[in-house]
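Asker:
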């Protein structure tokens, strides 16, 4: 392949392990992409290509080991790194230098990954956006809060990047930037060294270009090597539940068409697809997630709000005010709602392997002042279930639209195998 | 009352709010206790009584506000503070100065609490002990990992302190030091700014001298003011399930007698006590908790282990090695076991309000080289259910022994009201 930066990671690491590709060649290919595209896209808040190239050259001289030997990655800037500043998307922490790598960063580095830089996050992973533009159309948002990670992968500046999701911060930007965004089951990838927003939901996720690559990255970050789909996974015949969610009307025509088109294509491939009734409790789930998230954010960011209010955006202060206003009783009701919805979700996954629903309300909105609506992420964040977005469809402006696949809680191995099989069928159907 | 340092916190804050007691008087009483006892007990790794007295004098001049106005507290040294170094119990982080207060510290400070100092933690809240001795007998361990917090409260050097529990690190030291140790439901008190050990279980808890005080502290730390038992709580007639756990034989005679004695006293007070059958799945729960905790610890402390191995204790390196050896399959089985046990626990709490079981295998063992066996904490840490230890019994060496009360997940308000009622009955029965 001429274009090294388009090589899937799972193929690149095989070539590196066989000695037919050097880590420095792979990293250099991405450095070239960055030189061309980063000035426009602005995916990175801190970039150190020289350090990455030096690291890669050092790897050239060693016997290749690890799941990600020589693979350049991006790290969302709410995730701490010992050798690069970590600003959490806030001017309060400009030039802040943590003493250690976050657990997930340490794990992938131990597997040979090369950190290219820190990617732009919205302020504390909430709403206030950074500088990043959508690589598919610079006047449109990349989504958030994992804006830089989605844009960097979408632009081909790195093949993999860490994001995080509390409401919809992996699914939405992944859908907007045309990449695979995988949010594992709650807790699968550890959060040590990741700035807390709402710990009931905060989940480390990953961006990549195909299911196998995100599985590889998550496997390295969590030491759960069984997550990687193998040869038998493509032959799996997962059953799919078309699940319109309680908010189907908030998806535009193009996003609805992406979901229904995906279902149709799967049916044609012989996959069993059935529509599922949305349990009533799902109607309250979005509000419950919002209440818990706001109340927790007000506490998690209470120090910054008290001691550095002048460096907090108006939008952030509004969010924290809203969190202060969530009553004890409303919080308890929200916790009870989420618990009931988790039981209902268990019943759904007794009927089908995978739920299919919208990944976002539509293609990326125009403008960089906001990052889009998290409506289609919140429920899954509340449930803690694994999910990933598959790109493939496009909207009226030619921008990407993903579909969302979700699996049963703590069954990520089975889920990723199913998602891999569906991705293969979907890609084959799109090529026809 | 002559002895200000013996005044319950919930009474002290009323006196302060009424202007009959000054914050500086209250803090000074504890400073005197510290001057007398700290040289022997060694509960603090960092102490700043001058700063505490200055803070208290500043509070003297203001209108009293907050749930904890003028109350001196201790903070376990794996919990970050912006104005005091935080060493996580490890020489790797000697003199480490975090940039912000942990969320829980910020909340209680906003409620007027005065941080007296950082209390000794075992190394990264695992096994390797610090310098602290048991205030009831200096040749005996205070327990761990929240060693300093339990000892400081047990010695009357502060009336409240933060601890954390991953296996048994609140219950065990609380039992050994004769204090009330409350581990809330998983996630009730947020963990932002608390060093991660095993995020599936890590829980911020509190040490105090009575149920109402720990409830007050937890309410301030979590903004859940409804947690505080009110006048009606003492009249509640909770039902109690005598629950021997799957490890009853590992409790010594004195610890068994404490549990059975408590049950008997409650029966005499008219509380309905029934023995419950321990579900079979509880037999596997201790191992499942151990497997998940070890596997997560190896990742959570992977950076320290890789980059600072020479400053890790042998015991820590052993633990991390054991974590590295937990296979993917064993981990998945452990997750499934815990999920099944959580369902079984739900059934138990449909039968009774509170489960009664041993808090520790016995009184504090002699020697400061180890902190005792976590066997009676692990299951509850795995389940995430709230629990607290009540002191009252003593062992053959005259050292304290607690009993453990546990409640249903996320029903902490109801649990604390029940525990308060039982504490009142227990105290009355002991006074007879």
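Protein chains in written order, with my numbering: chain A, -8 to 423; chain B, -8 to 423.
Glycine included, every Cβ here is placed at the ideal spot set by N, Cα and C.
1. Are the CB atoms of residue 325 of chain A and residue 133 of chain A nearer to each other than 8 Å?
2. Could you spell out where the alpha helix (DSSP H) holding residue 370 of chain B opens and where it closes?
3. Secondary structure at residue 84 of chain A, three-state DSSP: helix, strand or coil?
4. Could you pull out every residue in the same chain whose Cβ sits closer than 7 Å to the Cβ of residue 183 of chain A, ignoring the five residues on either side in sequence?
5. Could you tell me which of A:236, A:329, A:340 sits nearest to residue 350 of chain A, measuring between CA atoms?
6. Quick check on DSSP: helix, strand or coil for residue 170 of chain A?
7. Name the chain A residues whose beta carbon is nearer than 8 Å to that of residue 293 of chain B?
8. Consult DSSP for residue 48 of chain B and reduce its assignment to one of helix, strand or coil.
9. Relative to the C-alpha of residue 319 of chain A, which candidate in B:59, B:7, B:404 has its C-alpha closest?
10. By the three-class DSSP mapping on this structure, what secondary structure does residue -2 of chain A have?
11. Would you call the stretch 407 to 415 of chain B in contact with the stretch 217 to 228 of chain B, where contact means no fewer than 3 C-beta pairs closer than 8 Å?
12. Buried or exposed: which applies to residue 131 of chain B, given that a residue is buried once 16 or more other Cβ atoms fall within 10 Å of its Cβ?
13. Taking C-alpha atoms, which residue in A:294, A:122, A:209, A:380 lies nearest to residue 164 of chain A?
14. Could you please give the first and the last residue of the uninterrupted alpha helix (DSSP H) stretch that includes residue 329 of chain B?
15. Step through the CB atoms of chain A and report whether any lies within less than 8 Å of the CB of residue 463 of chain B.
16. Is it right to say residue 186 of chain A is buried, meaning 16 or more other beta carbons lie within 10 angstroms of its own, or is it exposed?
17. Between the C-alpha atoms of residue 52 of chain B and residue 76 of chain B, what's the straight-line distance to the nearest angstrom?
18. Could you check which residue in B:175, B:353, B:135 has the C-alpha nearest to that of residue 118 of chain B?
19. Can you pull out the residues from the stretch 56 to 85 of chain B whose beta carbon lies closer than 8 Å to at least one beta carbon of chain A?
20. Return the Cβ separation of residue 382 of chain B and residue 147 of chain B in integer angstroms, given the expectation that the two are a contact with Cβ distance under 8 Å.
21. Tell me the DSSP bridge mates of residue 64 of chain B?
22. Using three-state DSSP, classify residue 179 of chain B as helix, strand or coil.
23. Mind checking who residue 348 of chain A pairs with in its DSSP beta bridge?
24. With 8 Å as the threshold, decide whether the Cβ of residue 125 of chain B is near any Cβ in chain A.
25. Between the beta-carbon of residue 264 of chain B and the beta-carbon of residue 254 of chain B, is there less than 8 Å?
26. Would you call the stretch 335 to 352 of chain B and the stretch 142 to 157 of chain B in contact, with 3 or more CB pairs under 8 Å?
27. What residues of chain A sit near residue 182 of chain B, judged by a beta carbon separation below 8 Å?
28. Identify the contact partners of residue 178 of chain A in chain B, using a Cβ-Cβ distance below 7 Å as the criterion.
29. To be precise: take each residue of the stretch 198 to 222 of chain A, compare its Cβ to all Cβ atoms of chain B, and keep it if any distance is under 7 Å. Which residues remain?
30. Confirm, please, whether the CB-CB distance from residue 328 of chain A to residue 276 of chain A is below 8 Å.
31. Answer yes or no: do residue 65 of chain A and residue 140 of chain A have a C-beta to C-beta separation smaller than 8 Å?
32. I'd like to know whether the C-beta atoms of residue 154 of chain B and residue 198 of chain B end up nearer to each other than 8 Å.
33. Considering residue 265 of chain A, what are the terminal residues of the beta strand (DSSP E) in which it resides?
34. Roughly how many angstroms lie between the CA atoms of residue 206 of chain A and residue 407 of chain A, to the nearest whole one?
35. Distance check for residue 157 of chain B and residue 366 of chain B, CA to CA, integer angstroms please.
36. Mapping DSSP to helix, strand and coil, what is residue 281 of chain B?
Answerer: Concretely, from the data shown:
1. no
2. 369 to 374
3. helix
4. 93, 94
5. A:236
6. coil
7. 94, 97, 98, 101
8. helix
9. B:404
10. coil
11. yes
12. buried
13. A:380
14. 319 to 342
15. Limits of chain B in this structure are -8 at one end and 423 at the other, which puts residue 463 of chain B out of reach.
16. buried
17. 28 Å
18. B:135
19. 73, 84
20. In fact, because the Cβ distance is near 13 Å, the residues do not count as touching under 8 Å.
21. B:106, B:151
22. coil
23. A:395
24. no
25. yes
26. no
27. 187, 190
28. 190, 191
29. 214, 215, 216, 217
30. yes
31. yes
32. yes
33. 264 to 266
34. 7 Å
35. 12 Å
36. helix
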